Amino acid sequence: MPELPEVETVRRGLSSWVTGRRIATVDVLHPRAVRRHPAGEADFAAVLAGRTVLDVLRRGKYLWLPLDSGDALVGHLGMSGQLLVQPETAADETHLRVRFRFTDEGPQLRFVDQRTFGGLAVSPGGAALPGEISHIALDPLDPSFVDEAFVAALRRRRTGVKRALLDQTLVSGVGNIYADEALWRAGLHGTRPADALTRPAARRLLGHVRQVLVEAIGSGGTSFDALYVNVNGESGYFDRSLNVYGREGEPCPRCGAPIRREPFMNRSSYSCPRCQVRPRATTPG
DNA sequence: CCTCATTCCTGCGGGC
DNA sequence: TGCCCGCAGGAATGAG
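Here the first sequence is numbered in our numbering, starting from 1 and rising by one per residue.
As structure tokens, this is what we get:
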């Protein structure tokens, strides 16, 4: 489940493998993988051929590769997307969607995506910041992120605090796993109304969000199975450090109470019933 | 503008 | 053994 730490792990791996290389040819093997490219798959391949990759950048869960044309290759891994660096002799992956060959005839870049929630697109003139990403808020690890602006915006939201954390236009990079982990660390239940948080409580929550993201990057991200891997196909190991996510019935590491699972937006939330008291008047979500 | 439900997709695992 | 169904879930989309 790629969230910010997993995408950052991929970014770092990609950066060393593709920066400075010139794309020779692009094969789109599944049209859905480039559905966010309005001009279509043939155009996608055509505008990338001959371009040199200048860098690999990230905002939240989005990646983009500035090109020497001034355009950018934008990517989102969705639920199951992988960007793999593979020797040309490696057999095609079952869910291989897009293949990039380079003029140096070195390792290929492959976009593999089982559930096809992810996708790639070329952003015209998007090298500095693709328009496709401009509606997304900065992530908490961005040097330009303004903590007090986030605290104020969070406290204006008339919704549950977990819903707010997952809203990428408020703060980007946080998904279901790290939202639950940050809320556990902060001792807040996700349905607590965001507009009822005190300023210090909102600051503390942001601190926990940032801290759990940094720690997860240090572990190479979280992986439950082979679906999330870095560019070399290796899994991260932050899942060993998760305190509540996916641990229904196991003792809370802080107080020993059994972790509970609750339905949330057609998925699940995990929390400690003792450390994270649910508000009486349940807000949506 | 804000909030929220729906939809996209495939593999896995539980239940019968 | 095999089928069905729920579940995993990020983000675009449209309704209200």
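Here a beta-carbon is modelled for each residue, glycine too, at the ideal position from N, C-alpha and C.
Predicted, not measured: the structure shown is a model, and the values here were computed from it.
Test item: CB-CB of residue i and residue j under 8 Å
| i | j | result |
| --- | --- | --- |
| M79 | F117 | yes |
| G173 | E6 | no |
| L166 | A179 | yes |
| I177 | W64 | no |
| L83 | P66 | no |
| L160 | T9 | Correcting the residue identity first, residue 160 is Gly in this sequence and not Leu. No. |
| I259 | V244 | yes |
| L73 | L29 | no |
| P140 | L77 | no |
| A24 | F102 | yes |
| P107 | W17 | yes |
| H363 | P279 | The chain is shown only over 1 to 285; residue 363 falls outside these bounds and no answer can be derived. |
Simplified DSSP assignment, three categories, for residue i
| i | result |
| --- | --- |
| S16 | helix |
| Y245 | coil |
| V28 | strand |
| R210 | helix |
| P38 | coil |
| D239 | helix |
| L141 | coil |
| P5 | helix |
| F130 | First, the amino acid is wrong: residue 130 is Pro here, not Phe. In this structure, P130 counts as coil in the three-state DSSP scheme. |
| R280 | coil |
| L205 | helix |
| A153 | helix |
| R11 | helix |
| R274 | coil |
| I217 | helix |
| D43 | helix |
| I177 | helix |
Cβ shell of residue i (< 8 Å), same chain only, five flanking positions each side left out
| i | result |
| --- | --- |
| C275 | W184, G187, C252, R254, C255 and A257 |
| L170 | A137, F150, A153, L154, R157 and A164 |
| T282 | The predicted model places T282 with a pLDDT of 47, which falls under 50 and marks its position as unreliable, so this point remains unresolved. |
| R203 | D147 and V151 |
| R249 | Looking at the sequence shown, residue 249 is not Arg but Gly. The answer, listed in chain order, is P258 and I259. |
| R247 | I259 and Y270 |
Beta bridge counterpart(s) of residue i as assigned by DSSP
| i | result |
| --- | --- |
| G75 | L63 and L120 |
| I23 | F102 |
| F111 | L83 and V98 |
| E262 | S269 |
| T52 | R22 |
| L57 | W64 |
| P193 | G160 |
| P251 | P258 |
Beta-carbon proximity list for residue i, same chain, < 6 Å, skipping 5 on both sides
| i | result |
| --- | --- |
| R36 | G119 and A121 |
| V26 | A45, L48 and F100 |
| T52 | R22 and D68 |
| E262 | S269 |
| E93 | V112 |
Buried/exposed call for residue i, threshold 16 Cβ in 10 Å
| i | result |
| --- | --- |
| N266 | exposed |
| E87 | Note that residue 87 is Pro in the sequence shown, not Glu. Exposed, by the Cβ-count rule. |
| A127 | buried |
| D68 | exposed |
| E41 | buried |
| R240 | exposed |
| E148 | exposed |
| D104 | exposed |
| L14 | buried |
| A194 | buried |
| A182 | buried |
| D43 | exposed |
| D113 | buried |
| G131 | exposed |
| G218 | exposed |
| G20 | exposed |
| A90 | exposed |
Neighbourhood of residue i by C-beta distance below 7 Å, restricted to the same chain and skipping five residues each side
| i | result |
| --- | --- |
| H208 | A182, R185 and A186 |
| R11 | V56, R58 and L63 |
| V212 | Y178, E181, A182 and R185 |
| Y109 | It should be noted that the sequence gives Leu, not Tyr, for residue 109. Excluding residues within five positions, the ones whose Cβ falls inside 7 Å are V18, L83, V85 and F100. |
| Q168 | G60, I136 and A137 |
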